[in-house]
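These notes are about the structure you will find just below.
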Amino acid sequence: MWLKRFAISFSIVLVLALALSGCAAPAAAPAAATEAAAATEAAAAAAPAAGGELEVFSWWTSGGEAAALQSLFDAFSAKYPGVKIINATVAGGGGSAARGVLQTRLAGGDAPDTWQVHPGFELLGQYVEPSYVAPLTSIYESEGWKDVVPSALLDLMTKDGEIYQVTVGVHRGNGLWYNKKLLTANGIEVGPTMSVDEFFAAADKLKAAGVTPLCVGDSGIWATSQLFENTLLGVIGPEKYKGLWDGSVRLDDPDVKKAMETYGKMLDYQNEDHSALSWDQAVKKLMEGGCAFSSMGDWAYGEFVNAKQKDNEDFGWVSHPGTAGSFMIVADGFVLGQGAPDVENTTNWLKVLGSKEGQEAFNPLKGSICARTDCDRTKFGVYHNWSMDSFAKDALVPSVVHGSAAPADFQQALNDAVTSFVVDRNVDAFANGLVAAAQSSGFGK
Amino acid sequence: MTTAQATAAPTQRAAASSPRRRWHLSEQAQTILLLLPSIIALAIFIYVFIGTTFWVSLSNWRTLKPDLTLRQPLFATYGDMFSMVRWQADLRNTLVFTVFFIGFALTLGLTLAILLDRELFAHSFFRNIFLFPYALSFVVTGVVWRWIFNPETGINLFFEVLGINGLLHQAGLGPLRPGWLTDPTIVAQVNSVLAYAWPAAAGWQMKWGIPLAMVPVAIAATWQLSGFVMALYVGGMATISDEVREAARIDGATEFQVYTKVIIPILRPVTISVFVILLHVSLKIFDLVYTMSGVGPGFATDVPSIFVFEMMFKATRYNLGSAAAIVMLLLVALVIVPYLVSNLREES
């Protein structure tokens, strides 16, 4: 009898303990979004400390990204020590998991103070349109940023004359990385630029020697969509590329179809297990000598650095074939949420982000370059100096795969169309599908 | 006992004599009151939300900003969806996955149950072993089987090590190195057959057939759920008395015939229940496929639930995602409702 009573009371205690641990608000550490919401509520319910709080929502959870984010927090805390920073991150590459959480929070009226955004359509269509963010033009004017941020980038953040985002770091999307030792062993030299024909000549030579020319890791499909958009940029040029997104150039234009055929031809040279690899596994394969080239943005640079490879000895880089003179922007920035609970702290945070010191602290750790053109060059390595030169003088174009150039539904339609194209190589179906998607999305004619 | 009865009696008499002092509900009212919270919760969280989802599927909401005005013509979103190659591929994949998954799981579950029934060797130990995979989450299963089916580093290495590829090489054939999840091939394509009914079918982008990449996914799902099927069958077989088997043996049946002609037919209700349960699992499956192969090469492993997820949260096309969700609901209801109705009828 007493055993039964003991068992019952023990179970009740256990259930209570579980319930209490589930309801307790965790400390401000990188947490899942639901916990972050609970933390915000618990923290808001308690009396705010002198200086208030700042909730920063992002998807920077891995290695270099987390360190870079921490450097921004450190820079902010040095200037505004009384403010408690809540690091609300949601893990998941490219924000795939974070965006869903953010959308739910915004729709539910529980917006974070500030969150990570890509400029272009993601910012303007998803957050400015439904009035989820507040304009920041006054900050730009008071800090004098309009002089140091390139106008092409400013255009991606501006709507009706108001600027809505502060970009902290810029990645280059149209890069081609190669295993220098492998190429040299096969007698291939890569110059400062590479044309599409030069690429195919090198690829044929490699294929004949039994080496896989191109490594693609398209698990999640965006890596091969990016290969397509880089090839598209290389074949039709930056002016026409920009014209695709304002409707002045149709997606079944003969030049675009030529780019699609070129892309299809490139796919003939890719590794067979491409759909089983993620992009970083493809880069790893390149480093191990499994293939020679990989088209990837310069976040791949961090992979080479982590593997202790040497610039221009073990690996090299060049603009994606045909895209010399263009810089495809994949940028990250932050916004001011409309109805944010801590407007003053958020404004100060944005000022730190856009300052020279903030960007110089963040970007070397993140592997991107400053959105400002006046950052200290000595803090960056060989590759980044090359990239910064390009950023200063090349044609800046938005990326559709990273949400800047077109709305989210077109981005998904492009990914779906690429999924089919990789297998059936049907250019007409690809082009027609994209035209229909552009029209249904609202920007195509 | 007597003390309890003695104390109960005065209380009841007291209650009967002063009815206003104690609020005494009838049995029926008590039942309703007890069930009321659950009923309200079900009504709101299931039926009202189904209604809302249906409204959203008819609306114009296709960006982050909610727009609940109705889209004209009314079912245009459904029309768009069924003309999408991706959605057609989803329906094909669901059909193929269901057939393979239920076929493998039922066969394997029944075989394991029969083996356990024979009580050959450490049967209660193996009973637990076979049931363990069911305790795992689908995400874990998906990740592990993804590694197993990796064409470069997974099970294909076994074929090398076991010498199978060596033998095939000697026979002059190519090595056995299936692409598994990376294989976009669709075998048994029936597009040309369909072209007799619909001439346009020959040129369709969507290939109707059996996507090979779906087979590894079905294998992983079978591994996870065949233990569950086995457990149900073991439970069913436990209710079959020995007399039935004895009678069959006396009538001259071999052991094999005892199983095929007597035991399995008796287990038909179990088979039907298992079939329905597995069917609704396979119609709604998401986490296993998402972690194992995602959408697959050329949509070879895409399923409707992944479609709903991507259309809602990546493409922010809430109306399209909702339409897909409603169609999934209808597919599952098509299976479950007749089963429930026939069950209730049996009971009454």
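Residue numbers (this note's numbering), protein chains in the order written: chain S, 1073 to 1517; chain C, 2 to 349.
For glycine and all other residues, C-beta sits at the position ideal for the given N, C-alpha and C.
Bridge partners - residue i, DSSP secondary structure assignment
{"i": "F1406(S)", "result": "Q1188(S), V1238(S)"}
{"i": "W1249(S)", "result": "S1366(S), W1389(S)"}
{"i": "L330(C)", "result": "None, per the DSSP bridge assignment."}
{"i": "C1447(S)", "result": "Answer by DSSP bridge pairing: none, since C1447(S) is not bridged."}
{"i": "R1244(S)", "result": "I1401(S)"}
{"i": "I1441(S)", "result": "V1242(S)"}
{"i": "Q1342(S)", "result": "L1286(S)"}
{"i": "D1383(S)", "result": "F1387(S)"}
{"i": "L71(C)", "result": "S60(C)"}
{"i": "P305(C)", "result": "For P305(C), which the question treats as bridged, DSSP gives no partner whatsoever."}
Alpha-carbon spacing of residue i relative to residue j, whole angstroms
{"i": "T1334(S)", "j": "S1459(S)", "result": "26 angstroms"}
{"i": "S1168(S)", "j": "W1217(S)", "result": "30 angstroms"}
{"i": "G1453(S)", "j": "N1435(S)", "result": "11 angstroms"}
{"i": "A1100(S)", "j": "L1196(S)", "result": "Unreliable placement is indicated for A1100(S), whose pLDDT of 37 sits below 50; no coordinate value is reported for it."}
{"i": "E161(C)", "j": "T154(C)", "result": "11 angstroms"}
{"i": "C1447(S)", "j": "F310(C)", "result": "41 angstroms"}
{"i": "A1097(S)", "j": "V57(C)", "result": "Low confidence applies to A1097(S): its pLDDT is 45, below 50, so where it sits in the model is not reliable enough to give any reading."}
{"i": "A1179(S)", "j": "T54(C)", "result": "16 angstroms"}
{"i": "A326(C)", "j": "L289(C)", "result": "18 angstroms"}
{"i": "E247(C)", "j": "I51(C)", "result": "53 angstroms"}
{"i": "E1344(S)", "j": "I273(C)", "result": "42 angstroms"}
{"i": "S84(C)", "j": "G237(C)", "result": "45 angstroms"}
{"i": "A1403(S)", "j": "A1480(S)", "result": "16 angstroms"}
{"i": "A198(C)", "j": "L96(C)", "result": "21 angstroms"}
{"i": "T183(C)", "j": "F1502(S)", "result": "21 angstroms"}
{"i": "A1147(S)", "j": "K1438(S)", "result": "15 angstroms"}
{"i": "V1240(S)", "j": "Q1431(S)", "result": "6 angstroms"}
{"i": "A44(C)", "j": "I1401(S)", "result": "49 angstroms"}
{"i": "A102(C)", "j": "Q258(C)", "result": "Note that residue 102(C) is Phe in the sequence shown here, rather than Ala. In a straight line, the C-alpha of F102(C) is about 26 angstroms away from that of Q258(C)."}
{"i": "A1108(S)", "j": "A1160(S)", "result": "Model confidence at A1108(S) stands at a pLDDT of 41, short of 50, so the residue's coordinates are unreliable; what they give is reported in the following sentence. Roughly 6 angstroms separates the two Cα atoms."}
{"i": "F1376(S)", "j": "G1362(S)", "result": "15 angstroms"}
{"i": "N192(C)", "j": "D1500(S)", "result": "19 angstroms"}
{"i": "V1162(S)", "j": "G1292(S)", "result": "18 angstroms"}
Opening and closing residue of the beta strand (DSSP E) in which residue i lies
{"i": "T1161(S)", "result": "1156-1161"}
{"i": "E1261(S)", "result": "Neither: E1261(S) is in no beta strand (DSSP E) and is coded neither H nor E."}
{"i": "P1470(S)", "result": "1467-1470"}
{"i": "P1436(S)", "result": "Run containing P1436(S): none in the beta strand (DSSP E); it sits in the alpha helix (DSSP H), 1428-1438."}
{"i": "T1303(S)", "result": "No beta strand (DSSP E) contains T1303(S), which is instead part of the alpha helix (DSSP H) from 1294-1317."}
{"i": "T1284(S)", "result": "1284-1286"}
Endpoints, the alpha helix (DSSP H) within which residue i is located
{"i": "T53(C)", "result": "50-59"}
{"i": "F1129(S)", "result": "Careful: F1129(S) lies outside any alpha helix (DSSP H), inside the beta strand (DSSP E) at 1125-1130."}
{"i": "L1144(S)", "result": "1135-1151"}
{"i": "T1209(S)", "result": "1209-1215"}
{"i": "P217(C)", "result": "215-239"}
{"i": "T32(C)", "result": "28-43"}
{"i": "P270(C)", "result": "269-285"}
{"i": "E244(C)", "result": "243-251"}
{"i": "E1360(S)", "result": "Here E1360(S) belongs to no alpha helix (DSSP H), and DSSP marks it neither H nor E."}
{"i": "G1233(S)", "result": "Looking at the DSSP string, G1233(S) is not in any alpha helix (DSSP H), and its letter there is neither H nor E."}
{"i": "W88(C)", "result": "86-118"}
Buried versus exposed call for residue i [16 or more other C-beta atoms within 10 Å across all chains shown]
{"i": "P1222(S)", "result": "buried"}
{"i": "L1592(S)", "result": "With chain S running from 1073 to 1517 in the structure shown, residue 1592(S) is simply not present."}
{"i": "F46(C)", "result": "exposed"}
{"i": "K1423(S)", "result": "buried"}
{"i": "M1368(S)", "result": "buried"}
{"i": "L1050(S)", "result": "There is simply no residue 1050(S) to check, as chain S begins at 1073 and stops at 1517 in what is shown."}
{"i": "D91(C)", "result": "buried"}
{"i": "H25(C)", "result": "exposed"}
{"i": "D1414(S)", "result": "buried"}
{"i": "T255(C)", "result": "exposed"}
{"i": "P1285(S)", "result": "buried"}
{"i": "M1073(S)", "result": "exposed"}
{"i": "W148(C)", "result": "exposed"}
{"i": "N1457(S)", "result": "exposed"}
{"i": "L1254(S)", "result": "buried"}
{"i": "P339(C)", "result": "exposed"}
Cβ distance (whole Å) where residue i is taken to contact residue j below 8 angstroms
{"i": "V1268(S)", "j": "G1306(S)", "result": "6 angstroms"}
{"i": "P1470(S)", "j": "S1476(S)", "result": "4 angstroms"}
{"i": "V188(C)", "j": "L213(C)", "result": "6 angstroms"}
{"i": "Q1188(S)", "j": "F1129(S)", "result": "7 angstroms"}
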